[in-house]
Structures are given as structure tokens and as C-alpha cells.
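J.:
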Amino acid sequence: MRRDKKDDEAGAVNPYDHLDKATVVQETRAFNETPINARKCRPILCKLLYLLQHGETIGKTEATDTFFAITKLWQAKDVTLRMLVYLAIKELCTISSDVIIVISSLTKDMTGREDIYRPSAIRALCRILTDTGMLQAIERYMKQAIVDKVPSVSSAALVSSLHLMKRSPDVVRRWANEVQEAVSSDNHMVQFHALSLLYQIRSTDRLAILKMVQKFSKSGLRSPDRIAFQFIESCLRNKHEMVVYEAASAIVRIPSISSGELASAISVLQIFLSSPKSALRFAAVRTLNRISINYPQAVISCNVDLEQLITDQNRSIATLAITTLLKTGAEASVERLMKQIGTFVSEISDEFKLKCLPFKIVVIEAIPIVNTIISIIENNSNAKDLGLSHLCEFIEDCEHPALATKVLHLLGREGPTTNHPARYIRFIYNRVILETTQVRAAAVTALAKFGAECPKLRPNIIILLKRCLLDTDDEVRDRATFYLTILKSEDQAAIVTYILDTLKVSIAGLQHSLEDYVHNERFEEPFDIKQVPLSLETVTEKKPSMLIEEPVIRKETKASRMEIFSAQISAIPEFKKLGPLLKSSPTFDLTKSVTEYYVSCVEHVFNEYILLQFDCRNNVSDQLMEDVYVHLEQEEDTEEDNEGGDINWEIEEILPIKSLPVSKTDINYVLLKIPEDGRIAGAFFATLKFKVRDVDPATGTPESEEFYDDVFAVTWIY
Numbered sequence: 021m022r023r024d025k026k027d028d029e030a031g032a033v034n035p036y037d038h039l040d041k042a043t044v045v046q047e048t049r050a051f052n053e054t055p056i057n058a059r060k061c062r063p064i065l066c067k068l069l070y071l072l073q074h075g076e077t078i079g080k081t082e083a084t085d086t087f088f089a090i091t092k093l094w095q096a097k098d099v100t101l102r103m104l105v106y107l108a109i110k111e112l113c114t115i116s117s118d119v120i121i122v123i124s125s126l127t128k129d130m131t132g133r134e135d136i137y138r139p140s141a142i143r144a145l146c147r148i149l150t151d152t153g154m155l156q157a158i159e160r161y162m163k164q165a166i167v168d169k170v171p172s173v174s175s176a177a178l179v180s181s182l183h184l185m186k187r188s189p190d191v192v193r194r195w196a197n198e199v200q201e202a203v204s205s206d207n208h209m210v211q212f213h214a215l216s217l218l219y220q221i222r223s224t225d226r227l228a229i230l231k232m233v234q235k236f237s238k239s240g241l242r243s244p245d246r247i248a249f250q251f252i253e254s255c256l257r258n259k260h261e262m263v264v265y266e267a268a269s270a271i272v273r274i275p276s277i278s279s280g281e282l283a284s285a286i287s288v289l290q291i292f293l294s295s296p297k298s299a300l301r302f303a304a305v306r307t308l309n310r311i312s313i314n315y316p317q318a319v320i321s322c323n324v325d326l327e328q329l330i331t332d333q334n335r336s337i338a339t340l341a342i343t344t345l346l347k348t349g350a351e352a353s354v355e356r357l358m359k360q361i362g363t364f365v366s367e368i369s370d371e372f373k374l375k376c377l378p379f380k381i382v383v384i385e386a387i388p389i390v391n392t393i394i395s396i397i398e399n400n401s402n403a404k405d406l407g408l409s410h411l412c413e414f415i416e417d418c419e420h421p422a423l424a425t426k427v428l429h430l431l432g433r434e435g436p437t438t439n440h441p442a443r444y445i446r447f448i449y450n451r452v453i454l455e456t457t458q459v460r461a462a463a464v465t466a467l468a469k470f471g472a473e474c475p476k477l478r479p480n481i482i483i484l485l486k487r488c489l490l491d492t493d494d495e496v497r498d499r500a501t502f503y504l505t506i507l508k509s510e511d512q513a514a515i516v517t518y519i520l521d522t523l524k525v526s527i528a529g530l531q532h533s534l535e536d537y538v539h540n541e542r543f544e545e546p547f548d549i550k551q552v553p554l555s556l557e558t559v560t561e562k563k564p565s566m567l568i569e570e571p572v573i574r575k576e577t578k579a580s581r582m583e584i585f586s587a588q589i590s591a592i593p594e595f596k597k598l599g600p601l602l603k604s605s606p607t608f609d610l611t612k613s614v615t616e617y618y619v620s621c622v623e624h625v626f627n628e629y630i631l632l633q634f635d636c637r638n639n640v641s642d643q644l645m646e647d648v649y650v651h652l653e654q655e656e657d658t659e660e661d662n663e664g665g666d667i668n669w670e671i672e673e674i675l676p677i678k679s680l681p682v683s684k685t686d687i688n689y690v691l692l693k694i695p696e697d698g699r700i701a702g703a704f705f706a707t708l709k710f711k712v713r714d715v716d717p718a719t720g721t722p723e724s725e726e727f728y729d730d731v732f733a734v735t736w737i738y
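So the number in our numbering is just where the residue sits in the sequence shown, counting from 1, plus 20.
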């Protein structure tokens, strides 16, 4: 019998669909046989992994027995079997007892000569080690693996370290030097994993993150495609014109390419503009026309050559030249170019004009008109019937699924509330018969909303939805089946919940809850959507309308945090020049609230200035503080961290606190001017300076006129 014979009926059946947990656990006894039959053990391990990864739960006793049986497979030399062993150990280590017996075997594989085993051994070992003390035992091996020359080993160590950061961050932070070395690896995946881990290690140090971003944004990480780019650039000097053009065309199509890297390709295309061959001229001007959309400044150098092509005998070349000049030329040349375009229009054949007409109607008229009609319907209920009728006529000939779907959604929402909702059903059902899958699915939903809100129309809607059950697309069939079941139930609560009401939960909260459910592996219980927080409706300011509307009583809204700060700052005469407030940071403590002097800070960002607001409180009962302000001393940048020169911050204004009695809080402002070069990375050491008078704790009055200067070290500000 042929081994490659396929059964058409059984070819699509999953062989693991009807696995029984007890049977699979019983089969694992084959792991204890001597000698080990690798061919027999491989499918058994696959079955076990399938059950575990599909949420099947195994008791602790069964898991421990299976785990010990799997450890005996280490004696086999089969590579595939060994890989399956690593996967099984990772799955069973969380539910088995005494898993530490495999640590020595995994450590041996991790440091062995077989590179194919080392990455999987590292991943399995780091999954088992949950104790910081045990992790320190393999710390030396992990450091060696991070800087290993084999990319798969290095990536496995880096990714495992990312997971270990959640359990033992202090240990992983000691590997920063090795991770820094791995960032300069030639392999791009090792670079990516090393950079991710380096960010996690330094995530608590804002200054270190800023320096890291500045360092890598200047030098850039190595890309594996750089060699290919150099080859394409060398093709620009090929003796064959077509090779040169294809190389230039490939360069300009690279996403996010810089203007400097485009220069060589544009120079070649500029030479082709004066070529005697019309094909080369057309190819060059078409490519430059495409570039001018995103890089108009880079194409300006070709404007002189493009103007000479305006009189080219080939009208396609001349038209492309003019449109390119309109994108890159100066404002003064636009009127002259528009006059020349007028001469071209008279030479265009009627057949070509007829082909252009539908595109003009769609692009210029359709989308703005639809948006305008929708806006009128939403703002003026008296125009709803007429507006919906116009939109129904529009979707009869609409060839754009996005627009048709948008109109159908509006019909489903607004149509049932009109005086004659039945008139719109015909237009909606026509879309089910004639349109694409996306539009048909939207039409089914719109029909269901009519059936939900209009009980008189519900029998007719049910008939139409039954016809949709024969649709060729499963999305349309599934929607029709779902809505039919709900409408036939006559359960008004279910109809409102599943058809009329939209999703009430927060999308971000739903995503976060699902991620927690998957990561925590609590698959014994189904996911409960009731635990997801509800979404909050955003209150938006309604745009002014020319339509006559009834007066609306507006409720006073509470001023936002930024509005309060802006009002406080604008009331100070020294800060009138700052302009509008762009951003205010959250309040962060510079000292603990229980210390002698409590200081917190808020950073206010303006166009040219940064204003530091220091909230100071005196906690010493027998002292009166006077002339209180925060002194800032800028950190000196090292040559390694500051290759572009010193970043000099200028302190323009300091408004001290004149008097600060005990248990009182007042504000000290320090105004900084942003450096002219725009670099804002920096650090200041803050020191609280003030004068002290001794006072009577009972009355708070000064005991004498004598005072002395004092300072209080605060902390660093980044």
C-alpha cells in the first residue's frame, strides 16, 4: 500500500480531537521502557502537550508521575524527542512536585557543546527556577549565554531574562554589562531582545533611558538589510540603463528612507530626464512624481529639468512634469503652470474625459456629501426622513464598501425611529442581494435592528433573515442565525441587550482582562465579562451650527487640572510672557511627607520655557522659614554621554516663598528657558535653601529678630 495515499474524507480531521486524558496518561508508561523507543514516545508526548495547551487539567499526583517518566527520556539521543521533552518540562513544572531534580541535566545541556539543545534548555531552566537563590547558582552561565556567539542561544537567554525580570529583577539587573554588549550583536533579533531587556533594566532611571534613546538614535542599530541596500546603491553605477533605473526605483520605494539616502537615486533620475529615449524620460518623471508626495524638498533640485519637459511631445511626460512641479515649485509659479494645464485639457479626447468623470464625481462629491447629510440628520430631526431617502438612493449605485457600510449603519440606527420605517427595508435588503460580503453583513445587522425596534415589521424581517441563511459567506450566515434566534424568542430583554445595545465595556479594560486571563492560566473557569470595567461616555463640545435649535440648558463643568494651573500661573505678572500652557506633569514627591521639610514638584511645559512648581511644607513646630526657594545645580555631562556639546539651561526667574509657618504649604516657582538647540535631556540636583527664625511652638511668634541660613538636600530632578 502506498504511504502517500490520502483519504479525501479524513484528510481534514484533527487526529487529536477525541483524546482522552486518562488514556494519554496511561500511555506515558512507555517512557519507562528499556531501551527507549523514540518513534513510539514522540506521538505520546505530542498528545500530552496538546491536552495541556488546550486547557486540560492534570492532577498533581498524575503530573508528578508523568514528569518523572519524562525525565528518563534524557537517555535517548533523538533530537526531536529531546525538544519535546523540554516543552513538556516547561508545561508540567508548575503543577508537579520535586521538579528541581532536572536542574542539573538542564544546566549540563545549557553549557554543553550541542548548540541545538542549548536554547531550549535555557528556556526550560528559567521556567523552573522561581527562587532567587536558585537563580544565583546559574548566574554565571546566564551571563555567558547572553554574550554567546550563537544567535539562538543569545536570544533564548535574553528572552528568558525578560521573564525573570518579573520574579527576580535585582538579579537580572546585575547582568546589564552583558546585555549592553549583546546590543552590538550582528544579529538583528539579538539586538532587539537585548534592547528590550536593557530598557526593562533601566526603566526606573529616567535619565538612563533618555541617554539610551539619544545614543541609539544617533548611531542606529545594525540592520540585516544594510548589505542589500549597499548592493542596490552599487547598481546605480551599472552600465545598463534599465538596471540603473530599477535600482533607483527600489531605493525610493523603501519606507521611511531619509532624504540623504534618496540623494543618489534622485541624481540618477535627474540625468534620465534629459535622455533622448522617451521611455527613460517617462519612467524618471513618473518616479519623481511619486517621490514628491513625501519628499518635495528632495525633488526641488530637478525643477529646472522638469520645466523643460513641459513642452515634451509626449503628453504623458508633460502632464507628469507639470503635476510634479505643482507639488515642489514655488507659489509664484503655480499660476503659470495652471495656464499650461488648460492647454492640455483641450487636447484630451472625449473618451478619456468620460473615463475620468466617474472618479471626479466619487472623489470630489460623494464623500463630502454623505458626511454632510449624516451631520444634518444627527443635528436636525426634521430633516431625518429626507436625508435618509437621499442616502438610500446613494447606496443603490455606490461602489465603495466603506461608504455603503457607513450608510447602512446609520439606517439601522435612525430608520426605525422615523414615521415610515418600512420604506427603507427594500433598500437595505437590496444590498444583501447585490453587494460584497462586508456590505451584506452590515445590511443583515441593519435589518435586525428594524425587527428589534419595530414589532409590526418583525415577521417580515424574520422572513428576510431566513433567506440570508443561504448566503455564501459564513459571516453573513452567522449574523443571520444569531439575530433570527433572538428575534424569534420574543424576549424583549435579550433583544435590547444583544441587538440594540452596543458593547458597554471599556475596550482597553477588556483587552487587559483577557490578557490577565490568558497569562494566569485560570482555564478551569470561563471568562467573566462582568468583571470588565464599563466604558465612560466622553462628553464632547457640540460644534456651532447654523440650524435653528431649541435652547439647551448647559451644566457647569468642573475645571480641569490644567485649567486650574493655567489660571494660577497667568495671574502672576512675571509669567505673562510664557504663553499658553502645553502640558503639566503629574505631581511627584521630592521628599517624604514625614521629613522635616516636605517638597513636591510639578513641571509645566510652555513653548520656550519649563516652569517648575515646588510645593513646600514646614513640619518643624519651633521654626519659621523665610525666603524659601529650591536651588538647582545642573549635572555636568560626560564626554561619552554628551557628544553634541553641553546642554546649558538658563534659570530666568525664581519666585521664593516669603514666609512659611509650621504646617503651612506654599509654592516656589523656578523658571527655566529651554536651550536653543532643542535638547532637553538633563538632570538637576535640588537643594532647599531658606532662612530660619526660632519661634514659640505654642503661639508661633518669633522669639527674637535673629535668623540663620540653612539648607536641606532634596533629590535629583530629571
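Where is the CB? At the ideal position from N, CA and C, for every residue including glycine.
Under 7 Å, do Phe732 and Glu653 count as touching if we go by C-beta distance?
T.: Cβ atoms of Phe732 and Glu653: not closer than 7 Å.
J.: What residue range does the beta strand (DSSP E) around Ser827 cover?
T.: Outside the displayed span of the chain (21 to 738) sits residue 827, for which this structure offers no information.
J.: Using the rule of at least 16 other Cβ atoms within 10 Å of the residue's Cβ for burial, across every protein chain shown, is Phe543 buried or exposed?
T.: Exposed, since its Cβ has fewer than 16 Cβ neighbours within 10 Å.
J.: For Ile120, I'd like the list of residues in its chain whose CB is within less than 8 Å of its CB, leaving aside the five on either flank, ordered along the chain.
T.: Ile148 and Met154, listed in sequence order.
J.: Could you give the distance in angstroms between the alpha-carbon of Leu477 and the alpha-carbon of Ile78?
T.: When rounded, the distance between both Cα atoms is 53 Å.
J.: Please report how far the alpha carbon of Thr224 lies from the alpha carbon of Pro189, in whole angstroms.
T.: Each residue's alpha carbon lies about 11 Å from the other.
J.: With DSSP run on the structure shown, which of helix, strand or coil describes Pro722?
T.: Pro722: strand per DSSP, three-state reduction.
J.: Are the Cβ atoms of Phe626 and Asn688 separated by less than 7 Å?
T.: No, Cβ-Cβ distance for Phe626 and Asn688 is not below 7 Å.
J.: Who are the Cβ neighbours of Lys152 in its own chain at under 7 Å, not counting the five residues just before and after it?
T.: Rather than Lys, the amino acid found at residue 152 in this sequence is Thr. Same-chain partners within the cutoff: Ser188 and Val191.
J.: Examine the ligand FAD and report whether any of its heavy atoms sits within less than 6 Å of the Cβ of Lys41.
T.: You won't find the ligand FAD in this model; it holds no ligand whatsoever.
J.: How about the region 284 to 304 and the region 267 to 276: do they share at least three Cβ pairs that are nearer than 8 Å?
T.: With a cut-off of 8 Å, the region 267 to 276 and the region 284 to 304 count as touching, because enough Cβ pairs lie within range.
J.: Label Leu72 either buried or exposed according to how many other C-beta atoms from any shown protein chain fall within 10 Å of its C-beta, with 16 as the threshold for buried.
T.: Leu72 comes out buried.
J.: Specify the secondary structure class of Pro564 as computed by DSSP and reduced to three states.
T.: Only weak support is given to the placement of Pro564: the predicted model assigns it a pLDDT of 42, under 50, and the value that follows is read from those uncertain coordinates. Note: Pro564 maps to coil in three-state DSSP.
J.: DSSP puts Ser604 in a beta bridge; with which residues?
T.: In DSSP, Ser604 forms a bridge with His624.
J.: Rounding to the nearest angstrom, what Cα-Cα distance links Ile674 and Ala196 in this structure?
T.: In a straight line, the C-alpha of Ile674 is about 40 Å away from that of Ala196.
J.: Output the distance between the C-alpha atoms of Pro35 and Lys67, rounded to the nearest integer angstrom.
T.: Whole-angstrom Cα-Cα distance: 9 Å.
J.: Among residues of its own chain, excluding the 5 on either side of Asn739, which ones have a beta-carbon nearer than 7 Å to its beta-carbon?
T.: Residue 739 cannot be examined here, being either before or after the span of the chain that is shown, 21 to 738.
J.: Hey, Thr615 and Asn639 are a contact pair by Cβ (cut 8 Å); roughly how many whole angstroms apart?
T.: With 8 Å as the limit, Thr615 and Asn639 qualify as a contact, their Cβ atoms being about 7 Å apart.
J.: If you count every other CB in all the chains shown that lies within 10 Å of the CB of Tyr444, and 16 or more means buried, which is it?
T.: Classification for Tyr444: buried.
J.: Let me check understanding here. Comparing Cα to Cα, which of Glu53, Glu76 and Leu101 lies closest to Ala59?
T.: Going by the sequence as given, residue 59 is Arg instead of Ala. The residue with the shortest Cα to Cα distance from Arg59 is Leu101.
J.: Look at the alpha carbon of Gly132 and the alpha carbon of Val210, and state the distance between them as a whole number of angstroms.
T.: Taking the straight line joining both Cα atoms gives about 21 Å.
J.: Leaving out five residues before and five after Glu495 in sequence, what residues of the same chain have Cβ atoms less than 8 Å from its Cβ?
T.: Once the five neighbours on either side are set aside, the close Cβ partners of Glu495 are Thr457 and Ala461.
J.: Helix or strand or just coil, what does DSSP make of Val45?
T.: Of the three classes helix, strand and coil, the one that applies to Val45 here is helix, per DSSP.
J.: Between the C-alpha atoms of Glu594 and Phe236, what's the straight-line distance to the nearest angstrom?
T.: The alpha-carbon atoms of Glu594 and Phe236 are separated by roughly 40 Å.
J.: Excluding the five sequence neighbours on either side, which residues of its own chain have a C-beta within less than 6 Å of the C-beta of Thr437, listed in chain order?
T.: The answer is none, since no qualifying residue turns up.
J.: Could you pull out every unbroken beta strand (DSSP E) segment of at least 3 residues lying fully inside the region 214 to 254, listed in chain order?
T.: Entirely contained in the region 214 to 254, not one beta strand (DSSP E) run reaches 3 residues.
J.: Name the DSSP beta bridge partners of Val319, please?
T.: None, per the DSSP bridge assignment.
J.: So, helix, strand or coil for Gly645, using DSSP?
T.: Going by the sequence as given, residue 645 is Met instead of Gly. Met645 falls in the strand class under three-state DSSP.
J.: If you follow the beta strand (DSSP E) that Ala733 is in, where does it begin and where does it stop?
T.: Residues Tyr728 to Ile737.
J.: Please state whether DSSP places Thr77 in a helix, a strand or coil.
T.: Looking at Thr77 - three-state DSSP - the assignment turns out to be coil, as it is neither helix nor strand.
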